[in-house]
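Here is the structure we will look at, set down as structure tokens.
Structure (structure tokens):
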């Protein structure tokens, strides 16, 4: 679950990382002096999209953002600073331990940066002073202790998949996190129900990812669903989404998935690729049929595995095209 | 692993556990005992059930365990198996927090237990034994070793290669951190006299595929590898179903994996169906 900037900053202050003074608002505020007015949206590159404004006329900036359809706005004090740096923490997949990453250049696209310092800090011992010294030397700053320990704690204690400060401002009175990017592990949210309550967030993870194309994609299993997306693209189509019904999906789950994908106005047709193991083909077929009349778009179903004949009968009885082979289904759909 | 491997099922009385115990038994897997706290003394498909692993091991010899326990309690089950000295633990359960997985995987490794998974379909040695949830119709005894980060896609590929048959098929799981890596399985296949060629089914995220390529390049792997990578059309920083199928900081993109394989002469199938032609 990705957090909004203000939520991430709330967590930052909880773990001892300094953030600018600010207020979250949906309307006008009483503010004196220069402020940074920032739209609270989950998508990145807000700067480029004009969703961050440095201004003395705070309420006009808020009005402009509201005109863009922005609901929540974070108004923060402007923090004068000499330099911007970058620090983040995440689980390193190779070592299975948390890793802290730093760069001397803040506000950058970290992916393309070659100037990075990475350090794995094993959970068995946690952050030690000599870790902090190594980062301070690399970044040429003082007082990094709270930042490193705070980000590390977000990974280990709060189950953050990624906790990132980009940029971290170097000021005469210490280090201040100007932005936050925190992504919590969906699978660990049950451990942090109190936090979710405090943030006023409820979250039900779903595999659905919307893409730009017009061919709806549904599969069972992440790998097979991705492979179906890739196949559609390879054969000249454009996938509109990724939707994995999951293992052992029943008719109700399949109905929900087909209706969800079908309700995307860009979707012109839907390809469903099912290899039934724990998932039963008759259940899948029943779910598709239930959604079919409501969705009212052409559906191409590849259906093999457990209770296959029954599933085929159900679909064919409703005039839905069924295939043995995924290639045939995709080719027909793209015709 | 063969038909004599004795298996313990943890979470045997649950819906998934009992269902798959039945399927494993009918495939010929020697399921000798099950564990479900509070259900000791009962039976599932004729298999005796115990409250703890320790109690089960007093009555039975066990070579491997398979865990079907729900996510919140699965870590407990895995620690219990490791502490009882079981050498192979297959964790089918999905949705275990990654920090917890990292801890238990390390704990097991330090004590000489191999963990496969979590979030995996398990292992099958066709016509010998199944410790997992794979639909057996896709498999036939043969000479191809398959290692995969996926479930259904593995079944699909196994069925495509059915006329060649498979020596062993291992689903290592779709999580960011797994007990047994793709590199380790490829190394085992390379040493395995039953395996002639290796099929690698990877996906975006992480760097296991890149490390397999590196091993091949350094000459550590002698056998021929054919690979397929899912997720060429997946956007960055979006999780594609599997907890592990996500690209952060540009690490483990489709392009990075494909170019690493190309450099080493590992053949890359553009679709799962092309694997058959390449092999």
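Residue numbers (our numbering), protein chains in the order written: chain A, 21 to 355; chain B, 245 to 523.
Quick reminder that beta carbons are idealized off the backbone N, C-alpha and C, glycines included.
* Using beta-carbon positions only, say whether residue 117 of chain A and residue 148 of chain A come within less than 8 Å of one another. => no
* To do: Enumerate in chain order the residues of its own chain whose CB-to-CB distance from residue 261 of chain A is below 7 Å, with the five nearest sequence positions on each side excluded.
  => 228, 229, 230, 231, 236, 237, 281 and 284
* Asked: Do we get a CB-CB distance below 8 Å when we pair residue 185 of chain A with the residues of chain B?
  -> no
* Asked: Would a check of beta-carbon distances place residue 199 of chain A closer than 8 Å to chain B?
  -> no
* Could you name the residues of the stretch 207 to 240 of chain A whose beta carbon sits closer than 8 Å to any beta carbon of chain B, in the order they occur along the chain? => 207, 208, 210, 211, 227, 229, 231, 239 and 240
* Asked: residue 278 of chain A by DSSP, collapsed to three states: which one?
  -> helix
* Going along chain B, which residues have a C-beta under 8 Å from residue 349 of chain A? -> Going along chain B, no residue has its Cβ under 8 Å from residue 349 of chain A, so there is no contact; the nearest lies around 12 Å.
* Take the Cβ of residue 287 of chain B as the centre, count every other Cβ of all protein chains shown within 10 Å, and call the residue buried at 16 or more, exposed below. => exposed
* Verify the CB distance criterion: does residue 320 of chain A have a CB-CB separation below 8 Å to chain B? => no
* Ignore the nearest five residues each way along the sequence and tell me which others in residue 244 of chain A's own chain have a CB closer than 7 Å to its CB. => 293 and 295
* Asked: What residues from chain B crowd round residue 179 of chain A, counting only those whose CB sits closer than 9 Å?
  -> 341, 342, 343 and 344
* Give me the Cα-Cα distance between residue 522 of chain B and residue 511 of chain B, rounded to the nearest whole angstrom. => 7 Å
* In the DSSP assignment, find the beta strand (DSSP E) that holds residue 106 of chain A and state where it starts and stops. => 103 to 112
* **Which residues DSSP lists as bridging residue 361 of chain A, in chain order** => Here chain A has residues from 21 to 355 only, and residue 361 of chain A is not among them.
* Asked: With a CB to CB cut of under 7 Å and the five nearest residues on each side skipped, what residues in its chain are close to residue 371 of chain B?
  -> 385
* Asked: For chain A, is any of its Cβ atoms less than 8 Å away from the one on residue 332 of chain B?
  -> no
* To do: Give the C-beta separation of residue 152 of chain A and residue 141 of chain A to the nearest angstrom, bearing in mind that I take them to be a contact with Cβ-Cβ under 8 Å.
  => Rounded, the Cβ-Cβ distance is 10 Å, inconsistent with contact.
* Asked: Which residues, in order along the stretch 485 to 515 of chain B, keep a beta-carbon less than 7 Å from a beta-carbon of chain A?
  -> 485, 486, 487, 489, 492, 493, 494, 514 and 515
* Asked: Can you find a CB in chain A that lies within less than 8 Å of the CB of residue 418 of chain B?
  -> yes
* Inter-stretch contact at 8 Å, needing at least 3 Cβ pairs: the stretch 433 to 449 of chain B / the stretch 389 to 400 of chain B -> yes
* Would you list, in chain order, the members of the stretch 316 to 343 of chain A that have their beta-carbon closer than 9 Å to a beta-carbon of chain B? => 324, 325 and 326
* Since residue 249 of chain A meets chain B, which of its residues come closer than 7 Å, beta carbon to beta carbon? -> 477
* To do: Find the nearest neighbour of residue 218 of chain A within the set A:21, A:312 and A:31, judged by alpha-carbon distance.
  => A:31
* Asked: Is there a Cβ from chain A that is less than 8 Å from the Cβ of residue 316 of chain B?
  -> yes
* Asked: Taking buried to mean at least 16 other C-beta atoms within 10 Å of its own C-beta, is residue 410 of chain B buried or exposed?
  -> buried
* Asked: Which residues mark the beginning and the end of the alpha helix (DSSP H) in which residue 515 of chain B is found?
  -> Here residue 515 of chain B belongs to no alpha helix (DSSP H), and DSSP marks it neither H nor E.
* To do: Could you check which residue in A:37, A:24 and A:59 has the C-alpha nearest to that of residue 188 of chain A?
  => A:37
* **Three-way DSSP call (helix, strand, coil) for residue 462 of chain B in this model** => coil
* Asked: Taking only beta-carbon atoms, is residue 134 of chain A less than 8 Å away from chain B?
  -> no
* **residue 441 of chain B: first and last residue of the uninterrupted beta strand (DSSP E) it sits in** => 441 to 447
* Asked: Looking at C-beta atoms only, is the number of pairs between the stretch 89 to 108 of chain A and the stretch 48 to 56 of chain A that lie closer than 8 Å three or more?
  -> yes
* residue 191 of chain B at chain A interface by Cβ criterion, 8 Å -> There is simply no residue 191 of chain B to check, as chain B begins at 245 and stops at 523 in what is shown.
* Asked: Based on the DSSP secondary-structure assignment, which residues constitute the bridge partners of residue 180 of chain A?
  -> A:204
* Hey, out of A:60, A:200 and A:271, whose CA is closest to residue 171 of chain A's CA? -> A:200
* Assuming residue 487 of chain B and residue 240 of chain A make a contact with CB atoms under 8 Å, what is their CB distance in whole Å? -> That belief does not hold up - the Cβ atoms of residue 487 of chain B and residue 240 of chain A are roughly 17 Å apart, past 8 Å.
* Length at least 4, wholly inside the stretch 365 to 437 of chain B: the alpha helix (DSSP H) runs in chain order -> 396 to 404 and 426 to 435
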